[in-house]
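Undergrad: First, the structure itself, so that you have it in front of you.
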Amino acid sequence: MEEQMDLAALAAQAAEKDSRERMEELYKVLAYHNERYYNQDDPEISDYEYDQLSLELRALETKHPEWMHKDSLTQRVGGTARRDLKKVAHDVPVISLQDVFSKEEVYAFVERVKREMPAAHFIVEKKIDGLTLVLRYRNGKLEEAITRGDGAIGESVYENALAIRSIPKEIPEKLPYLEVRGEVYMSTESFEAMNAREEARGGKVYQNRRNSAAGTMRQLDPAVVAERGLDIFIFNLEIAEGKAFKGHKESLLWLASQGFTVSPQLTDADTADEVWAAVEDIGATRWDLNYGIDGAVVKVDDLAQRAALGFTSKVPRWAVAYKYPPEQKETVVEDIIVQVGRTGRLTPLALLRPVRVAETTVSRVTLNNQDYIDEKDVRVGDTILIQKAGDIIPEVKSVVKEKRPEGASVFRMPENCPVCGAPVAREEGGDGVHLYCTGKACPAKDSRRLAYFVGKDAMDVDGFGPAAVEALISEGYIRDAADIYSLKDHRDRLIEEGIIGKEKSVDNLLKAIEASKDNDIDQLITGLGIRGVGKQGAKVLASNFPDMRAVMDASAEALSALPDFGGITASDITAFWAEEANRALVEKLAAAGVNMVSKAASKRRDDRFAGLTFVLTGTLPTLKRDEAAAIIESFGGKASGSVSKKTTYVLAGEAAGSKLTKAQELGIPVIDEDAFLAMTK
């Protein structure tokens, strides 16, 4: 019996350990995706996937409140105010609504409200997928426009709001003070027009309307906002001095009479059945709209009833937001091909019968590797269910096995490179799931390697896109990275042949190529594509070695001793330089005039921060984060993005968040800007 009790106790301890580890993992994952969504306007997962992770964390926090982080994202709005826009405190806190994901949860909400307010009437409206904006009017004139920020403090984007035509600059009824909340969005027409302009300019083509709208509102140039044609739907009246309303719908109708464009398709409902029917009606038209929505909002209409229902510690008790799952569509796998990347990695790609999913037409989807194909059991001829991760990246959800045609054969990755015919080999030192071309002169590698070399993350040659790289390779102008710097010798022929455009395009490209010669060597190291060495690793090398010769001759022991460098990375670097072709390429680049001296190393003042790791958090009084990081690196230290036991100091400014809390929990010294600057004198 004692043994059984011991086993039960051990099992309980193991379960608790698993729960705590899962909570810590969820805090990190949600913080990462929260930053991508709110502050970078570049989410990697869908709202639905984020919400599921958040729900899992909430459940664990309810079960184990003693482990809950004080600044948990489940307790607050996720964004932070950016330092390059003026901060403004909100008069009314901008809080989120409770999310629900099923019919049962919607019915439970309605029934709970009805128990307390039997006469409650509901309004169901679309949840616009954009950027929340608070507008302030004084004596009828627009006075301020503020983003959500962290819910208590937002960013002033007043000048940008003036550039949005659907925001009234003055309203007929001159109330002493009026505050409304709305959602800035980008219509399909504006989105397509913006991308057409960007493509013509050789700029960035955007994939998501919500991110485009949010990024546009944070522009520091109102002319950009005006050009991109943003719009707004007003969905709530916050304050109206000198005016009283009984209900939400009544307030929106009055706002419409003042020139505001208010929430479209307001539906009245008295019962749970009527509420759910309205939610389904909105969902049925979701992908036919010329603006994005990510849910339906159910609100109690009567404002007095709202006040009586009140709030929980986090959300109003008088409203919920039903979140629609990602759109999924069936299509057919017409073929599976294999692409070869710049490192030689072979990636299988399914060519699909074109289907429209989440606003765009999808005709291909990556299958990652053989293990992924085997796990999903994807075959040519299969009917598959696809969705978009983050409403951006297509992915295979599942195979509809009952629709599989007879004789559909299992797909196997090739044993030879489909481009050059060289044998393929499994990745060494990794997880072994990826195959690589072993050919030394594979054209596919050349094209992608060169496109990477001139790309933004590496040498950053403006206007030198993949199409230009492929055209110049196919016409015999370039074969390796050094040949790029000889293109100036072929200027007249390039203009005459029009391979990369007319005279102006050619001259602009040649000018950008010439300018790249002066880059610091970290960009060159990045561009060389050494396995295991990305932008950050290249910066570490550039900071610790005086020139490219020293980098090329560094021993594995010396490399292993660098911050965040281990034995595998050191081995990858020495293996790269062991190939004579790579050394010869660098010599050729040097002869072409490309900088080989480390500017970062030459700027180093001394090594007083050697071996020290700093984490920056919050807004510093005078220094920007990248400026503080540059100072740290100039003294041989490391600026890290996350707090751990290895962190030496946390440099904290105003509105420091979870990093400060974690530093205090771990007992890591926290310093302010004055103390930091004193350390540099």
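The working numbering puts the last residue of the sequence shown at 1017; the count rises by one with no breaks.
Think of the CB as a built atom: it goes at the ideal place given N, C-alpha and C, for glycine as much as any other residue.
1) Pull up the distance between the alpha-carbon of E441 and that of R448, whole angstroms please.
2) Distance, Cα to Cα, S587 vs L948?
3) Rank S841, E833, D782 and F881 by C-alpha distance to the C-alpha of G863 and give the top, closest one.
4) Out of curiosity, what's the CA-to-CA distance linking D854 and A794?
5) Report buried or exposed for D1010, applying the criterion of at least 16 other Cβ atoms within 10 angstroms of its Cβ.
6) Which ranges does the alpha helix (DSSP H) cover as unbroken runs of at least 4 residues, wholly within the region 463-510, from first to last along the chain?
7) Express the C-alpha separation of V668 and R451 in angstroms, rounding to a whole number.
8) On the DSSP bridge list, what partners appear for D671?
9) How many Å lie between A580 and W590 at the Cα?
10) Got a sec? Which residues, its chain only, sit under 7 angstroms from I507 by beta carbon, not counting five neighbours each side?
11) Which of helix, strand or coil does DSSP assign to S1022?
12) Measuring alpha carbon to alpha carbon, tell me which residue in G743, A686 and E742 is nearest I722.
13) Please list, in chain order, all residues of the same chain as N705 whose beta carbon is under 6 angstroms from its beta carbon, the five residues on each side excluded.
14) So, R827 versus V842, is the Cβ gap smaller than 8 angstroms?
15) Do V869 and T910 have their CB atoms nearer than 8 angstroms?
16) To the nearest angstrom, how far is the alpha carbon of R554 from that of Y494?
17) In the structure shown, what three-state DSSP assignment does Y660 receive?
18) Do S822 and A917 come within 8 angstroms of each other at the CB atom, strictly closer than that value?
19) Is DSSP giving S1026 helix, strand or coil here?
20) With 16 other CB atoms within 10 Å as the buried threshold, where does G902 fall?
21) Counting along the chain, where does the beta strand (DSSP E) carrying I835 start and finish?
22) Give the straight-line distance between the Cα atoms of I503 and D567, rounded to the nearest whole angstrom.
23) Spatial neighbours of Y443 within its chain, please: C-beta separation below 6 angstroms, excluding the five flanking residues on both sides.
24) Out of F800, R829 and L925, point me to the one whose CA is closest to I861's CA.
25) Going straight from the alpha carbon of V598 to that of I831, what length do you get?
26) Given a cut-off of 8 angstroms on the beta-carbon distance, is the pair K733 and T719 in contact?
27) I'd like to check one pair, I709 with F747: are the Cβ atoms closer than 8 angstroms?
28) Cα separation between G631 and I464?
29) For a test of the three-state rule: what should DSSP assign to R829, helix, strand or coil?
30) Looking only at C-alpha atoms, which of K585, V790, A890 and L987 sits nearest to L1013?
31) Return the chain-ordered list of same chain residues with a C-beta closer than 8 angstroms to the C-beta of K585, the five sequence neighbours on each side being excluded.
32) Tell me the DSSP secondary structure of P401 in three-state form.
33) Going by DSSP, which residues form a beta bridge with V933?
34) Can you tell me whether A906 is helix, strand or coil according to DSSP?
35) Which same chain residues, not among the five before or five after L478, have their C-beta less than 6 angstroms away from its C-beta?
36) So, for P1005: in the same chain, excluding its five sequence neighbours on each side, which residues have a beta-carbon less than 6 angstroms away from its beta-carbon?
TA: On the basis of the supplied data:
1) If you number the sequence shown from 1, residue 441 lands on position 105. If you number the sequence shown from 1, residue 448 lands on position 112. Rounded to whole angstroms, E441 to R448 spans 10 angstroms at the Cα level.
2) As a position in the sequence shown, residue 587 is number 251, starting the count at 1. As a position in the sequence shown, residue 948 is number 612, starting the count at 1. Computed Cα separation, rounded: 58 angstroms.
3) Working through the sequence shown from its first residue, we reach residue 863 at position 527. Taking only the C-alpha atoms, the option nearest G863 is D782.
4) For this step, residue 854 is matched to residue 518 along the sequence shown. For this step, residue 794 is matched to residue 458 along the sequence shown. For the pair D854 and A794, the Cα-to-Cα distance works out to about 13 angstroms.
5) As a first step, residue 1010 must be located in the sequence shown, where it is residue number 674. So D1010 ends up on the exposed side.
6) 494-498
7) Within the sequence shown, numbered from 1, the residue matching residue 451 stands at position 115. Within the sequence shown, numbered from 1, the residue matching residue 668 stands at position 332. C-alpha separation (whole angstroms): 49 angstroms.
8) Here the question's residue 671 lines up with position 335 in the sequence shown. Answer is L687, bridged to D671.
9) Position 244 of the sequence shown holds residue 580. Position 254 of the sequence shown holds residue 590. Taking the straight line from one Cα to the other gives about 11 angstroms.
10) Looking up residue 507 in the sequence shown gives position 171. Answer for I507: Y473, G476, Q594 and G595, listed in chain order.
11) Nothing about residue 1022 can be read from this structure; the chain reaches only from 337 to 1017.
12) Counted from its first residue, the sequence shown places residue 722 at position 386. Comparing alpha carbon positions, the residue from G743, A686 and E742 closest to I722 is A686.
13) Position 369 of the sequence shown, counted from the first residue, corresponds to residue 705. The beta carbon of N705 sits closer than 6 angstroms to those of V769 and H770, all from its chain and outside the five residues before and after it, given in chain order.
14) Start at 1 with the first residue of the sequence shown, and residue 827 comes out as number 491. Start at 1 with the first residue of the sequence shown, and residue 842 comes out as number 506. Contact: yes.
15) The residue you call residue 869 lines up with position 533 of the sequence shown. The residue you call residue 910 lines up with position 574 of the sequence shown. No, the Cβ-Cβ distance between V869 and T910 is not below 8 angstroms.
16) As a working mapping, residue 554 is identified with position 218 in the sequence shown. As a working mapping, residue 494 is identified with position 158 in the sequence shown. Distance between the alpha carbons of R554 and Y494 is about 11 angstroms.
17) As a working mapping, residue 660 is identified with position 324 in the sequence shown. For Y660, the three-state secondary structure derived from DSSP is coil.
18) Stepping through the sequence shown from its first residue, residue 917 is reached at position 581. Stepping through the sequence shown from its first residue, residue 822 is reached at position 486. The answer is no: Cβ separation not under 8 angstroms.
19) A query on residue 1026 cannot be resolved here, the shown segment of the chain reaching from 337 to 1017 and no further.
20) Along the sequence shown, read from residue 1 onward, the residue named residue 902 stands at position 566. Its Cβ having fewer than 16 others within 10 Å, G902 is exposed.
21) Position 499 of the sequence shown, counted from the first residue, corresponds to residue 835. Premise fails: I835 is in no beta strand (DSSP E) and is neither H nor E.
22) Counted from its first residue, the sequence shown places residue 503 at position 167. Counted from its first residue, the sequence shown places residue 567 at position 231. The straight-line gap from Cα to Cα measures roughly 8 angstroms.
23) What you label residue 443 is simply residue 107 of the sequence shown in a count that begins at 1. Contacts found: A608.
24) Taking the first residue of the sequence shown as 1, we reach residue 861 at position 525. Taking only the C-alpha atoms, the option nearest I861 is L925.
25) Against the sequence shown, residue 598 aligns to sequence position 262. Against the sequence shown, residue 831 aligns to sequence position 495. Approximately 53 angstroms, taken between the alpha carbons.
26) The residue you call residue 733 lines up with position 397 of the sequence shown. The residue you call residue 719 lines up with position 383 of the sequence shown. Cβ distance not < 8 angstroms, so K733 and T719 don't count as in contact.
27) Start at 1 with the first residue of the sequence shown, and residue 747 comes out as number 411. Start at 1 with the first residue of the sequence shown, and residue 709 comes out as number 373. Yes, these two residues count as a Cβ contact at 8 angstroms.
28) Here residue 631 refers to the residue found at position 295 of the sequence shown. Here residue 464 refers to the residue found at position 128 of the sequence shown. Looking at the two C-alpha atoms, the distance is approximately 7 angstroms.
29) On the sequence shown, position 493 is the one that residue 829 refers to. Three-state DSSP puts R829 in a helix.
30) For the purposes of this step, residue 1013 is identified with residue 677 of the sequence shown, where counting begins at 1. Checked all of K585, V790, A890 and L987; the closest Cα to L1013 is L987.
31) Here residue 585 corresponds to residue number 249 of the sequence shown, with the count starting at 1. Same-chain partners within the cutoff: I459, L602, D604 and D637.
32) One-based indexing of the sequence shown puts residue 401 at position 65. Three-state DSSP puts P401 in a helix.
33) In the sequence shown, counting from the first residue as 1, residue 933 sits at position 597. According to DSSP, which records beta bridges pairwise, V933 is partnered with D883.
34) On the sequence shown, position 570 is the one that residue 906 refers to. If DSSP states are grouped into helix, strand and coil, A906 belongs with the helices.
35) What you label residue 478 is simply residue 142 of the sequence shown in a count that begins at 1. Counting only Cβ-Cβ distances below 6 angstroms, and skipping sequence neighbours, we find K505.
36) Indexing the sequence shown from 1 puts residue 1005 at position 669. The residues are Y985.
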